[in-house]
Amino acid sequence: MGDILVVTEHLKGDFQDITFEMLGKAKELAGATGGKCLALVFGDMKNKASELGAADAVIAVGTETEYNPESYAAAVKAAVEAKSPSLTLVGSTSMGMDIAAPVATALGLPVVGYCCGISNEGDGFSFVSQQYGGKMNVVTNVSGAAVALVLAGSFPAEAGQTSGSPAVEDLAVSAGNGKVRFKKLIEPQGSDVDITQSEILVAVGRGIGSKDDIELAENLAEALKADVACSRAVVDAGWLPKTRQVGKSGLKVKPKVYIALGISGAPEHLEGMKSASTIIAINTDKNAPIFDVAHYGINADLFEVCEEMLEELE
Amino acid sequence: MKIIVPLKQVPDLVEDLEVDGSGKALDTDDIKFKLNEYDDHALEEALLLKEEGAATEVVVMAIDGDETDKMLYTALAKGADKAIKLTGDTPHDTHQLAQAFANAAKTEGCDLILAGVQSVDDRDGQLGPVLATYLGLPCISAVAGVKVQGSSVLVNKEYAGGMVAEFEMDLPGVLGIQAARQTPRYAPVSKVRQVQDSMSLATGSTGDLGAGAGSEIASMAPPEKSGSATMLDSAGDLLEILKEKGVI
Chain S
83 MGDILVVTEH
93 LKGDFQDITF
103 EMLGKAKELA
113 GATGGKCLAL
123 VFGDMKNKAS
133 ELGAADAVIA
143 VGTETEYNPE
153 SYAAAVKAAV
163 EAKSPSLTLV
173 GSTSMGMDIA
183 APVATALGLP
193 VVGYCCGISN
203 EGDGFSFVSQ
213 QYGGKMNVVT
223 NVSGAAVALV
233 LAGSFPAEAG
243 QTSGSPAVED
253 LAVSAGNGKV
263 RFKKLIEPQG
273 SDVDITQSEI
283 LVAVGRGIGS
293 KDDIELAENL
303 AEALKADVAC
313 SRAVVDAGWL
323 PKTRQVGKSG
333 LKVKPKVYIA
343 LGISGAPEHL
353 EGMKSASTII
363 AINTDKNAPI
373 FDVAHYGINA
383 DLFEVCEEML
393 EELE
Chain D
261 MKIIVPLKQV
271 PDLVEDLEVD
281 GSGKALDTDD
291 IKFKLNEYDD
301 HALEEALLLK
311 EEGAATEVVV
321 MAIDGDETDK
331 MLYTALAKGA
341 DKAIKLTGDT
351 PHDTHQLAQA
361 FANAAKTEGC
371 DLILAGVQSV
381 DDRDGQLGPV
391 LATYLGLPCI
401 SAVAGVKVQG
411 SSVLVNKEYA
421 GGMVAEFEMD
431 LPGVLGIQAA
441 RQTPRYAPVS
451 KVRQVQDSMS
461 LATGSTGDLG
471 AGAGSEIASM
481 APPEKSGSAT
491 MLDSAGDLLE
501 ILKEKGVI
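Read top to bottom, the protein sequences are chains S and D. Take the first sequence: its letters are residues 83 to 396, numbered as in my numbering. Take the second sequence: its letters are residues 261 to 508, numbered as in my numbering.
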């Protein structure tokens with residue numbers, strides 16, 4: 083079996099957690115298959131190779147340091163062609179989505195999305211993908227080389243956080259054709275409330291039904307001295323501002339108590355809140371994935387439960 | 261400027277999902293399908309671009325199947341100019357779906373393709389990037405906010421933690437839309453009926469679907485319940501827990 087290549091991810095000069103989560107897993111898989119664990123770094127991130135001690139070797143490509151969908155995909159393709167890894171791990175993130183499928187498709191390799199489990203299986207690998215909003219796990223077995231999109235939070239970052247001095251090898255790649263140009267980073271807007279600092283959060287999802295009903299969550303939050311947060315669907319519907327959004331494209335929160343009202347618990351949402359100390363979920367769907375991460379659950383109508391709580395609190 | 265929006269239906273997750281007898285696919289007998297929510301956002305963004313004068317034509321396309329006509333007429337009722345129903349071989353994974361849309365997009369011609377950023381069943385990669393690869397076009401995923409400026413677009417790509425990156429992309433190209441600038445519009449049933457009487461669907465071919473994903477589903481099952489949640493019966497029980505945790 084060949085090597086495992088990890089496509090590192092960085093933002094504003096720091097490797098992101100997903101990088102170490104993938105490195106830890108890659109190291110384990112390489113150990114089992116007798117291959118090497120390789121980390122691909124971009125531009126100036128080469129200077130931080132010592133943070134990638136979990137890798138047996140670091141491959142450095144001289145792209146611009148700032149992420150660019152086009153040039154990064156071209157660089158990853160060149161690295162996969164040069165190193166022929168048996169498995170390439172890419173984050174199932176905003177950036178990874180631009181890279182994995184184009185590289186795999188261009189090279190005629192299978193790509194497996196939403197991976198939360200990977201094991202070696204004979205001459206290849208077996209992947210578990212979270213599908214249908216976390217309601218189904220789908221197993222894909224691939225014999226031969228593949229590219230996988232790894233869901234954040236699936237593997238412990240600690241396993242990949244080893245400093246060291248891995249050998250660094252420069253790999254020349256073409257500059258790409260310049261059809262996509264980075265312009266600037268836009269920082270998140272400030273907000274009256276920073277939900278990442280809140281001790282107690284009352285979070286609402288699609289199940290809240292309408293903008294007018296947000297008030298119920300606000301009333302409950304006030305009674306519990308909590309702040310109101312929400313899932314992506316609520317922001318997209320224009321019911322709450324982006325600064326209140328928890329999840330993959332929103333904020334990561336770690337309150338003492340997280341009360342999820344009408345949130346089904348899609349993987350993108352769980353990514354942002356599953357490390358809360360106590361999670362309480364209220365949902366009418368008894369099979370909602372939120373109940374798998376919750377410590378306490380009520381399978382009931384959120385309006386009834388909230389109104390009853392408010393009455394008793396008064 | 262002409263925009264194509266490929267549309268697809270996915271199982272409504274409000275329903276209980278079950279695996280069929282093969283152990284490899286969903287039992288589709290009792291589940292409802294609906295438009296992929298991100299495709300709805302892609303359509304909305306396309307319609308907004310047309311309304312502000314940046315685009316001249318919005319074309320939607322979908323693979324023929326149950327409820328496809330209704331989905332396409334609804335898109336016309338919302339303001340799309342043309343709807344194409346693709347018949348022929350039925351794609352069985354995202355790669356084949358992308359190949360069908362790539363074939364149809366080549367025939368139709370366009371400057372920009374807006375695809376939904378992802379769907380709940382795209383096991384073998386997301387549609388937009390695969391489609392872009394087949395067409396040899398640049399692609400940016402997780403886009404929320406598109407501005408047309410001559411022969412390029414200026415887009416906002418969402419990163420984690422609320423961070424956004426602005427990119428410029430030359431046209432033609434493909435964008436994976438995460439969210440439109442406003443909530444997708446709603447087409448009243450009366451309007452859809454009216455459109456059904458006054459407009460017709462164009463037809464096209466899915467064409468040669470190619471080899472597909474290069475991998476098959478080995479098995480499918482609901483995740484094992486961790487069973488960690490203690491189920492409570494009432495609001496009163498919940499308040500007791502909150503007292504225990506020192507919240508109240």
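Cβ coordinates follow ideal geometry from the N, Cα and C atoms, glycine included.
Check: Determine whether the Cβ of F293 (chain D) lies closer than 8 angstroms to any Cβ atom of chain S.; Outcome: no
Check: Taking the continuous beta strand (DSSP E) assigned at V220 (chain S), which residues delimit it?; Outcome: M218 to S225
Check: Just verifying my parser: in three-state terms, what is the DSSP assignment at A363 (chain S)?; Outcome: strand
Check: List in chain order: all unbroken beta strand (DSSP E) runs of 3+ residues lying wholly within the region 305 to 370 of chain S.; Outcome: 309 to 312, 339 to 343 and 360 to 364
Check: Using three-state DSSP, classify R263 (chain S) as helix, strand or coil.; Outcome: strand
Check: In chain order, what residues of the same chain have a beta carbon less than 7 angstroms from the beta carbon of G405 (chain D), not counting five sequence neighbours either side?; Outcome: V415, N416 and R441
Check: Give me the residue from S:V262, S:E152, S:L169 and S:G144 with the minimum Cα distance to V88 (chain S).; Outcome: S:L169
Check: Which same chain residues, not among the five before or five after P184 (chain S), have their C-beta less than 7 angstroms away from its C-beta?; Outcome: A155
Check: Give me whichever residues DSSP pairs with C370 (chain D) in a beta bridge.; Outcome: Answer is none; C370 (chain D) lacks a bridge partner.
Check: For V452 (chain D), which residues from the same chain have a beta carbon less than 6 angstroms from its beta carbon, with the 5 sequence-adjacent residues on both sides left out?; Outcome: Y333, T334 and A337
Check: Would a check of beta-carbon distances place A376 (chain S) closer than 8 angstroms to chain D?; Outcome: yes
Check: Per DSSP, which residues does D252 (chain S) bridge with? Please list them.; Outcome: S:A142
Check: Give the DSSP-derived three-state secondary structure of S201 (chain S) in the structure shown.; Outcome: strand
Check: Using only CA atoms, which one of D:T354, D:M261, D:T466 and D:L273 lies nearest to L307 (chain D)?; Outcome: D:M261
Check: Indicate whether I372 (chain S) and A363 (chain S) have their beta-carbon atoms separated by less than 8 angstroms.; Outcome: yes
Check: With a 10 Å radius around its C-beta and 16 neighbouring C-beta atoms as the bar for buried, classify A362 (chain D) as buried or exposed.; Outcome: buried
Check: Tell me whether the region 200 to 215 of chain S and the region 130 to 143 of chain S touch, counting them as touching only if at least three CB pairs, one residue from each stretch, are closer than 8 angstroms.; Outcome: no
Check: Would you verify that the beta carbon of Y446 (chain D) is, or is not, closer than 8 angstroms to some beta carbon of chain S?; Outcome: no
Check: Check H92 (chain S) in the structure and name its three-state DSSP category.; Outcome: strand
Check: Could you give the residue range of the alpha helix (DSSP H) that holds K107 (chain S)?; Outcome: D99 to T115
Check: Step through the CB atoms of chain S and report whether any lies within less than 8 angstroms of the CB of L395 (chain D).; Outcome: no
Check: Nearest CA to the CA of L372 (chain D): which residue from D:S379, D:A358 and D:V408?; Outcome: D:V408
Check: Nearest by alpha-carbon distance to D324 (chain D): which of D:G369, D:V507 and D:L357 is it?; Outcome: D:L357
Check: How long is the line joining the alpha carbons of E146 (chain S) and K266 (chain S), rounded to whole angstroms?; Outcome: 13 angstroms
Check: For a contact meaning CB atoms closer than 7 angstroms, what does V507 (chain D) contact in chain S?; Outcome: I282, L306 and V339
Check: Exposed or buried, which one is H352 (chain D) when buried takes at least 16 other CB atoms within 10 Å?; Outcome: exposed
Check: Could you name the residues of chain S that K485 (chain D) contacts, counting a contact when the two beta carbons are closer than 7 angstroms?; Outcome: D374
Check: Excluding the five sequence neighbours on either side, which residues of its own chain have a C-beta within less than 6 angstroms of the C-beta of C119 (chain S), listed in chain order?; Outcome: I86, A108, K109, A112, A137 and D138
Check: Using the C-alpha atoms, what's the distance from Y419 (chain D) back to V284 (chain S)?; Outcome: 24 angstroms
Check: Roughly how many whole angstroms lie between the Cα atoms of I264 (chain D) and E504 (chain D)?; Outcome: 55 angstroms
Check: Listing by chain order, which chain D residues have their CB less than 9 angstroms from the CB of T145 (chain S)?; Outcome: None at all; the shortest Cβ gap to chain D is about 15 angstroms.
Check: The region 248 to 272 of chain S: which residues have C-beta closer than 9 angstroms to a C-beta of chain D, in chain order?; Outcome: N259, G260, K261, V262, R263, F264, K265, K266, L267, I268, E269, P270 and Q271
Check: Please confirm if Q409 (chain D) has its CB atom under 8 angstroms from at least one CB of chain S.; Outcome: no
Check: If you pair each beta-carbon of the region 184 to 197 of chain S with each one of the region 292 to 303 of chain S, do three or more pairs fall below 8 angstroms?; Outcome: no
Check: Can you look up K407 (chain D) in the DSSP assignment and give me helix, strand or coil?; Outcome: strand
Check: If we count the other Cβ atoms within 10 Å of its Cβ and call it buried at 16 or more, is N150 (chain S) buried or exposed?; Outcome: buried
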